[in-house]
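Counted from 1, the sequence shown has number 112 at position 113 by numbering that gives the first Met the number 0; the numbering is strictly sequential. Every residue, glycine too, gets a C-beta built ideally from N, C-alpha and C.
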Amino acid sequence: MVVGQETYGWDNPIRTLNDIEMSMAGYKNFNLGQNRSKSNFWPWVHEFNMLLGNPDNYCFVWNNILKFGKDCDKGRPVQDVTDQENRYFNVLANEVSILKPDVCIFLTGPNYDKDIKAKFDDAEIIPLGDYPIREVAQIKSSHLPIHSYRTYHPGYGNRYTEWYHKVFESIIERVISDK
């Protein structure tokens, strides 16, 4: 399971049933970002999947730590929206429980660690190898698979591609060594 930050805006405001149906069709045709080669996010997600040895581009699940982004824009919503989500729509742990992924990679960066802890009440964020904890961490929680890790969002990783690729390889090494 790949966990991003929040939605990257919505195509259009949702006001009618037709808007909902159009939005659902957009997600159905999205194909896990296969046609988003200019995206910062999707090429790295598919790279991670390939490094895991998965020849199938559709064998992972994508999720977001925050279910709501800014209204008709990209970025983190106002804190009240996140507080309301955590109180009334805190479903990520249930989604993980239902899907039972072997690996969870949070491409959220360290500024979302408090959000991870809000979603997984027993989450511990611990260093991974020699990396500074802000760069890469393992996440331990009874609600997550053993192989759960957090690193920077690909928007940051694209600025330091060699380093980011090494981060992915370090995580993959951990996963594969336990198989």
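Linking Gln-83 to Glu-46 through their CA atoms gives a straight-line distance of about 34 Å. If you compare the alpha carbons of Leu-65, Cys-58, Gly-32, Ala-92 with that of Phe-119, the shortest gap goes to Ala-92. In the assembly as shown, Tyr-159 is an exposed residue. Its beta-carbon has fewer than 16 other beta-carbons within 10 Å. For Tyr-26, no beta strand (DSSP E) run applies; the uninterrupted alpha helix (DSSP H) run containing it begins and ends at 16 to 27, by DSSP. Beta-bridge pairing by DSSP links Pro-126 to Ala-136. Sequence-distant Cβ neighbours of Leu-143 in its own chain, meaning closer than 8 Å and more than five residues away, are Val-95, Cys-103, Phe-119, Ala-122. When DSSP states are grouped into helix, strand and coil, Ser-176 belongs to the helix group.
Where His-146 is concerned, the enclosing beta strand (DSSP E) starts and stops at 146 to 150. Non-local C-beta neighbours of Pro-153 in its own chain, meaning closer than 7 Å and more than five positions away in sequence, comprise Asn-39, Phe-40, Trp-43, Leu-106, ordered along the chain.
A contact between stretches requires three or more CB pairs, one per stretch, nearer than 8 Å, and the region 130 to 144 fails this requirement with the region 22 to 30. When secondary structure is reduced to three states using DSSP, Tyr-7 falls in the strand class. Taken in chain order, the unbroken stretches of beta strand (DSSP E) that lie wholly in the region 32 to 111 and span 3 residues or more are 61 to 63, 102 to 106. With respect to Asp-112, Ile-125 sits apart: the two C-beta atoms are not nearer than 7 Å. Comparing C-alpha distances from Gly-128 to each of Pro-100, Asp-114, Arg-173 shows the shortest one belongs to Arg-173. The residues Ile-104, Gln-137, Ile-170, in chain order, have a CB closer than 6 Å to that of Tyr-148 in the same chain once the five nearest residues on each side in sequence are set aside. Around the beta-carbon of Asp-114, 16 or more other beta-carbon atoms lie within 10 Å, marking it buried. If you ignore the 5 residues before and after Asn-62, its C-beta comes within less than 8 Å of the C-beta of Met-0, Val-1, Val-2, Gly-3, Leu-91, Glu-94, all in its own chain and listed in chain order. For Tyr-155, the enclosing alpha helix (DSSP H) starts and ends at 153 to 156.
Judged by their CB atoms, Leu-65 and Phe-167 are not nearer to each other than the 7 Å cut-off.
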